[in-house]
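S.K.:
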Amino acid sequence: MSPVTRGFRHLRRAPAGQEDRVPPGQYLTDGFPVLSAGPTPHTPLEEWTFSITQGGQTRKSWTWQELRALPAETVTVDIHCVTRWSKLDTVWQGVSVDTLLDQVEHDAPYVMAFCDGGYTTNLPIGDITGGQAWVAFDYGGAPLEPEHGGPARLLVPHLYFWKSAKWVRGLDLRDHNDPGFWETYGNHIYGDPWREQRYEGD
Amino acid sequence: MAGTALRGRLTWQTAAVTAVTRETASVVTIGLNPPDWPGHQAGQHLEVRLTADDGYQAEREYSIASAPGELVEITVERLEGGEVSPYLTEDLRAGDELELRGPIAQYFVWEPGDGGPLMLVAGGSGVVPLRSILRHRLRTGSDAQARLLYSARTLPDVIYRDELDRGHDGVQVSYTLTRGQPPGWTGHTGRINQALLAEVAWPAETNPLAYICGPTSFVETAAAGLVGLGYPPERVKTERFGATGGH
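As they're listed, the protein sequences go chains A and B. Here this note's numbering is used: the first residue of the first sequence is 705, the next is one more, and so on. Here this note's numbering is used: the first residue of the second sequence is 3, the next is one more, and so on.
#1: For the beta strand (DSSP E) containing residue 47/B, list its first residue and its last residue.
#2: Three or more beta-carbon pairs under 8 Å between the region 141 to 159 of chain B and the region 169 to 179 of chain B, yes or no?
#3: Using the beta-carbon count (16 or more within 10 Å), is residue 769/A buried or exposed?
#4: With a CB to CB cut of under 6 Å and the five nearest residues on each side skipped, what residues in its chain are close to residue 117/B?
#5: For residue 138/B, which of helix, strand or coil comes out of DSSP?
#6: CB-CB under 7 Å to residue 715/A, same chain, minus the five flanking residues each way: which ones, in chain order?
#7: Specify whether the region 211 to 223 of chain B and the region 117 to 130 of chain B touch according to this definition: at least 3 beta carbon pairs, one from each stretch, less than 8 Å apart.
#8: Using CA atoms only, rank isn't needed, just tell me which of 17/B, 129/B, 43/B is closest to residue 50/B.
#9: When every heavy atom of the ligand MG is checked, does at least one fall within less than 7 Å of the C-beta of residue 787/A?
#10: Assuming the contact rule is C-beta atoms closer than 8 Å, residue 889/A and residue 108/B should be a hit. Round their C-beta distance to whole Å, please.
#11: Give me the Cα-Cα distance between residue 721/A and residue 754/A, rounded to the nearest whole angstrom.
#12: Please check if any C-beta of chain B sits within less than 8 Å of the C-beta of residue 716/A.
#13: Rounded to whole angstroms, how far is the Cβ of residue 864/A from the Cβ of residue 784/A, which I believe are closer than 8 Å?
#14: Under a Cβ-count criterion, where at least 16 other Cβ atoms within 10 Å of its own Cβ denotes burial, should residue 749/A be classed as buried or exposed?
#15: For residue 847/A, which residues in chain C fall below 7 Å Cβ to Cβ?
#16: Using 8 Å as the threshold, is the C-beta distance between residue 242/B and residue 792/A below it?
#17: Within 8 Å, do at least three Cβ pairs link the region 835 to 849 of chain A to the region 790 to 807 of chain A?
#18: To the nearest angstrom, how far is it from the Cα of residue 778/A to the Cα of residue 712/A?
#19: Indicate whether residue 198/B and residue 178/B have their beta-carbon atoms separated by less than 8 Å.
#20: With DSSP run on the structure shown, which of helix, strand or coil describes residue 719/A?
#21: Starting from residue 30/B, follow the alpha helix (DSSP H) in both directions and report where the run begins and ends.
#22: List in chain order: all unbroken beta strand (DSSP E) runs of 3+ residues lying wholly within the region 867 to 899 of chain A.
#23: Under 8 Å between C-beta atoms, does residue 742/A make it to chain B?
#24: Any idea if residue 65/B is buried or exposed, counting beta-carbon neighbours within 10 angstroms, 16 or more meaning buried?
#25: Rounded to a whole number of angstroms, what is the C-alpha to C-alpha distance between residue 234/B and residue 823/A?
#26: Within 10 angstroms of its Cβ, does residue 84/B collect 16 or more other Cβ (buried), or is it exposed?
#27: Is it buried or exposed for residue 46/B, if we count other Cβ within 10 angstroms and need 16 for buried?
#28: Reducing DSSP to helix, strand and coil, say where residue 118/B ends up.
#29: When you compare only the Cα positions, how much space is there between residue 808/A and residue 763/A?
#30: Listing by chain order, which chain A residues have their CB less than 7 Å from the CB of residue 108/B?
#31: Could one say the Cβ of residue 801/A lies closer than 8 Å to chain B's Cβ atoms, at least one of them?
#32: Measure the C-alpha to C-alpha separation of residue 94/B and residue 789/A and round it to an integer number of angstroms.
#33: So, does the CB of residue 130/B fall closer than 8 Å to a CB anywhere in chain A?
#34: Between the alpha carbons of residue 76/B and residue 63/B, how many angstroms are there, rounded?
#35: Alpha carbons only, please: which of 13/B, 27/B, 43/B is nearest the one belonging to residue 37/B?
#36: The beta strand (DSSP E) spanning residue 62/B covers which residue range?
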């Protein structure tokens, strides 16, 4: 059991009715902090594509215009960063990953999301299908800002937010659960905020 | 490698607070003596956990300020409206106990084998992990040349000023003061921009390795500026802290 910290008082409480929406060890913020490991990339939209790849082959690719022509959904979700902030009721618009993967026949159990700037993150197929993940391009009713991952980022709100890869450019279908960027540098391989899977071994 | 963090399960441990040293009006450095510290790399973080008498707990991440092999230190800036940083900066005393676990985050790190020249760019308390890197460089006798460009509001807001001004071979420290300068100030003024980076930063031809840490907008400007000077993005490591009001 943790020792009581001398003189530390309990100041911050989740608003009434929202306590069960804040995972353990998280605090609520109204801001939208930015965490990135390198410079913000700026790929012109005319050069931008979103691809589903497998074994070094491109299985399917969409230009920006093609992606934006697909049916989009507006979702309101809570997001949770491993650095311990959570933000409730964030509003995003994007294309469901179901819509994209439905166009490629495959039986891969995992994907590696890949991004401008070289970032990657690994996800089980079961966590990005069934209405659980989007390629999001609008946040709060406006185009997603570059520092928050624009033009498009993955949105997988039920996992810690490093899984919601910024500047996403595609999904590589994988047979194995290979670790992505932060997973290689010590983050948990899966990242469930409700089980506090922050770091390797949690 | 000796002193390198071992991978494995992170467990909470109770460390004795060995010292609380005031750095500036809003910043303290906390010396910690965790009983079972696996060692850390320069630039890594640790997590601190506070427990109130009603069982409520608050956890936060802080950059480790000391070099591998030194006593573990964190440097904490008080953030208004925060829950943890006001306690750590105002209430904590030597002799208290603090729960922590770490080290964490293995990307924004430097080892002598990574070489240089090092271009370190700090905004405010973003200097903390860069101080760990500079100390590690000194302790290991690395011959990597280093430049630190440190943006602070005013001179009294500069953290580790005595240490940075002491002068070490192969290290150049430049300050830019954004909100006010003392009489006779001959250093840089104003927020960092492309012109200042072009003047202070290693030329891209020297193949520098850059570490930038500070608030989001600062890091955006610095990282874009160095890439604009020809630094390859993969040689520019960044770490940002947002104005979350929570730390």
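C-beta atoms are modelled at their ideal positions from N, C-alpha and C, and glycine is treated no differently.
M.R.: Based on what the coordinates show:
#1: Counting from 1 along the second sequence, the entry for residue 47/B is found at position 45. Per DSSP, the continuous beta strand (DSSP E) segment holding residue 47/B begins and ends at 47 to 53.
#2: At 8 Å Cβ cutoff, the stretches touch.
#3: As a working note, residue 769/A is residue 65 in the first sequence. By the 10 Å Cβ count, residue 769/A comes out exposed.
#4: Position 115 of the second sequence, counted from the start, is the residue given in the question as residue 117/B. Excluding sequence neighbours, residue 117/B sits near 146.
#5: Counting from 1 along the second sequence, the entry for residue 138/B is found at position 136. In this structure, DSSP gives residue 138/B a helical state, which the three-state scheme calls helix.
#6: As a first step, residue 715/A must be located in the first sequence, where it is residue number 11. Non-local C-beta neighbours of residue 715/A in its own chain, meaning closer than 7 Å and more than five positions away in sequence, are absent.
#7: Touching, per the Cβ criterion.
#8: Walking along the second sequence from the start, residue 50/B turns up at place 48. Between residue 50/B and the set 17/B, 129/B, 43/B, the nearest pair of CA atoms involves 17/B.
#9: The ligand MG is not part of the structure shown, which contains no ligands of any sort.
#10: On the first sequence, residue 889/A is found 185 positions in, with the first residue counted as 1. On the second sequence, residue 108/B is found 106 positions in, with the first residue counted as 1. Contact holds; Cβ gap of about 4 Å.
#11: If you number the first sequence from 1, residue 721/A lands on position 17. If you number the first sequence from 1, residue 754/A lands on position 50. Going from the Cα of residue 721/A to the Cα of residue 754/A covers about 39 Å.
#12: Taking the first sequence and counting its residues from 1, one reaches residue 716/A at position 12. Yes - at least one Cβ of chain B is within 8 Å of the one on residue 716/A.
#13: To locate residue 864/A, count along the first sequence from 1; it is residue 160. To locate residue 784/A, count along the first sequence from 1; it is residue 80. Your pair residue 864/A and residue 784/A checks out as a contact, with CB atoms roughly 6 Å apart and the cut at 8 Å.
#14: Within the first sequence, the letter at position 45 stands for residue 749/A. Counting Cβ neighbours within 10 Å, residue 749/A comes out exposed, since fewer than 16 surround it.
#15: Among the chains of the structure shown, chain C does not appear; the protein chains present are A and B.
#16: In the second sequence, the residue the question calls residue 242/B occupies position 240. In the first sequence, the residue the question calls residue 792/A occupies position 88. Not closer than 8 Å, so no.
#17: A contact exists between the region 790 to 807 of chain A and the region 835 to 849 of chain A.
#18: As a first step, residue 778/A is located in the first sequence; it is residue number 74 there, counting from the start. As a first step, residue 712/A is located in the first sequence; it is residue number 8 there, counting from the start. Roughly 41 Å separates the two Cα atoms.
#19: By one-based count along the second sequence, residue 198/B stands at place 196. By one-based count along the second sequence, residue 178/B stands at place 176. Residue 178/B is positioned such that its CB atom lies closer than 8 Å to that of residue 198/B.
#20: For the purposes of this step, residue 719/A is taken as residue 15 along the first sequence, with counting starting at 1. Looking at residue 719/A - three-state DSSP - the assignment turns out to be coil, as it is neither helix nor strand.
#21: Mapped onto the second sequence, residue 30/B falls at position 28. Unbroken run through residue 30/B is the beta strand (DSSP E), 29 to 35; no alpha helix (DSSP H).
#22: Entirely contained in the region 867 to 899 of chain A, the beta strand (DSSP E) runs reaching 3 residues are, in chain order, 872 to 878.
#23: Within the first sequence, numbered from 1, the residue matching residue 742/A stands at position 38. With respect to chain B, the C-beta atom of residue 742/A has a partner C-beta closer than 8 Å.
#24: Start at 1 with the first residue of the second sequence, and residue 65/B comes out as number 63. Burial call: buried.
#25: As a working mapping, residue 234/B is identified with position 232 in the second sequence. As a working mapping, residue 823/A is identified with position 119 in the first sequence. Each residue's alpha carbon lies about 15 Å from the other.
#26: Counting from one through the second sequence, the residue named residue 84/B turns up at place 82. Buried, because 16 or more other Cβ atoms sit within 10 Å of the Cβ of residue 84/B.
#27: Here residue 46/B corresponds to residue number 44 of the second sequence, with the count starting at 1. Residue 46/B comes out buried.
#28: Taking the second sequence and counting its residues from 1, one reaches residue 118/B at position 116. The answer is coil: DSSP assigns residue 118/B none of H, G, I, E or B.
#29: Sequence index remark: in the first sequence, residue 808/A carries index 104 (1-based). Sequence index remark: in the first sequence, residue 763/A carries index 59 (1-based). Answer to the nearest angstrom: the Cα atoms are 7 Å apart.
#30: Translated into the one-based positions of the second sequence, residue 108/B becomes position 106. The answer, in chain order, is 889, 890.
#31: If you number the first sequence from 1, residue 801/A lands on position 97. No, no contact with chain B.
#32: If you number the second sequence from 1, residue 94/B lands on position 92. If you number the first sequence from 1, residue 789/A lands on position 85. Going from the Cα of residue 94/B to the Cα of residue 789/A covers about 23 Å.
#33: Here residue 130/B refers to the residue found at position 128 when the second sequence is read from its first residue. No, residue 130/B lies away from the interface with chain A (no Cβ there is under 8 Å from its Cβ).
#34: In the second sequence, residue 76/B corresponds to position 74, counting from 1. In the second sequence, residue 63/B corresponds to position 61, counting from 1. Taking C-alpha positions only, residue 76/B is separated from residue 63/B by approximately 10 Å.
#35: Taking the second sequence and counting its residues from 1, the one referred to as residue 37/B is at position 35. Per the C-alpha coordinates, the member of 13/B, 27/B, 43/B positioned closest to residue 37/B is 13/B.
#36: Within the second sequence, the letter at position 60 stands for residue 62/B. Under the DSSP assignment, residue 62/B falls in the beta strand (DSSP E) whose first and last residues are 59 to 65.
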